[in-house]
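**Student:**
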Amino acid sequence: MYQPYGRENHIHTSGQLPLVDGRLPLTGNVGAEVSPEQAKLLARACVLNALAAVKSLVEDLDRIHRIVKVVGYVASAPDFTGQPGVVNGASKLLGDFLADRGVHARSAVGVAVLPLDAPVELELQVELTH
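Okay, structure coming up:
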């Protein structure tokens, strides 16, 4: 079994899909069935779900000292190389919401398929205040 997060002084979320009201708004590979712009919006939904997982544990997002790292997985058509642009959707939201606390290291990884045929999946590593 697993939880949607792990916790010490840091929280490591499990991979978050872009579920909205319990369902995926789009499925398929970016660069084929899903456009890069659509995927960028889905990355924002992933980060909102990751922040919700953090909030379920700490109750107050003001306890976030900083976002340490974002790992974004993008289900990609074979010739699609725009994974960083997709994950920019998540990075921009974190910067807009958390300002300097949202600046982070990041990986954007292209993969063949994700759970439930989701186009994007995202993990956060968060450092908390004491």
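Quick note: the sequence shown uses my numbering, first residue 8, plus one each step.
Backbone N, C-alpha and C define an ideal beta-carbon position, used for all residues, glycine too.
For clarity, every value in this text was computed on a predicted model and none was experimentally measured.
What number of angstroms, rounded off, separates the C-alpha of S83 from the C-alpha of I18?
**Tutor:** As a working mapping, residue 83 is identified with position 76 in the sequence shown. As a working mapping, residue 18 is identified with position 11 in the sequence shown. Rounded to the nearest angstrom, the two C-alpha atoms are 28 Å apart.
**Student:** Could you name the residues that DSSP lists as bridge partners for S83?
**Tutor:** Sequence index remark: in the sequence shown, residue 83 carries index 76 (1-based). Beta-bridge pairing links S83 to V37.
**Student:** Is the beta carbon of C53 closer than 8 Å to that of L129?
**Tutor:** Position 122 of the sequence shown holds residue 129. Position 46 of the sequence shown holds residue 53. It is a contact, given that the beta carbons lie within the stated cut-off.
**Student:** How close, in whole Å, do the beta carbons of V75 and A112 come, if the pair is a contact with beta carbons under 8 Å?
**Tutor:** Within the sequence shown, the letter at position 68 stands for residue 75. Within the sequence shown, the letter at position 105 stands for residue 112. Confirmed, about 7 Å.
**Student:** Measure the C-alpha to C-alpha separation of L24 and A60 and round it to an integer number of angstroms.
**Tutor:** For the purposes of this step, residue 24 is identified with residue 17 of the sequence shown, where counting begins at 1. For the purposes of this step, residue 60 is identified with residue 53 of the sequence shown, where counting begins at 1. About 12 Å.
**Student:** Span of the beta strand (DSSP E) holding S114?
**Tutor:** Here residue 114 refers to the residue found at position 107 when the sequence shown is read from its first residue. That run of the beta strand (DSSP E) goes 112-118.
**Student:** Beta-carbon within less than 7 Å of G109's beta-carbon, same chain only, minus the 5 sequence neighbours each way: which residues are those?
**Tutor:** Locating residue 109 in the sequence shown gives position 102, counting from the first residue. I74, L101, G102.
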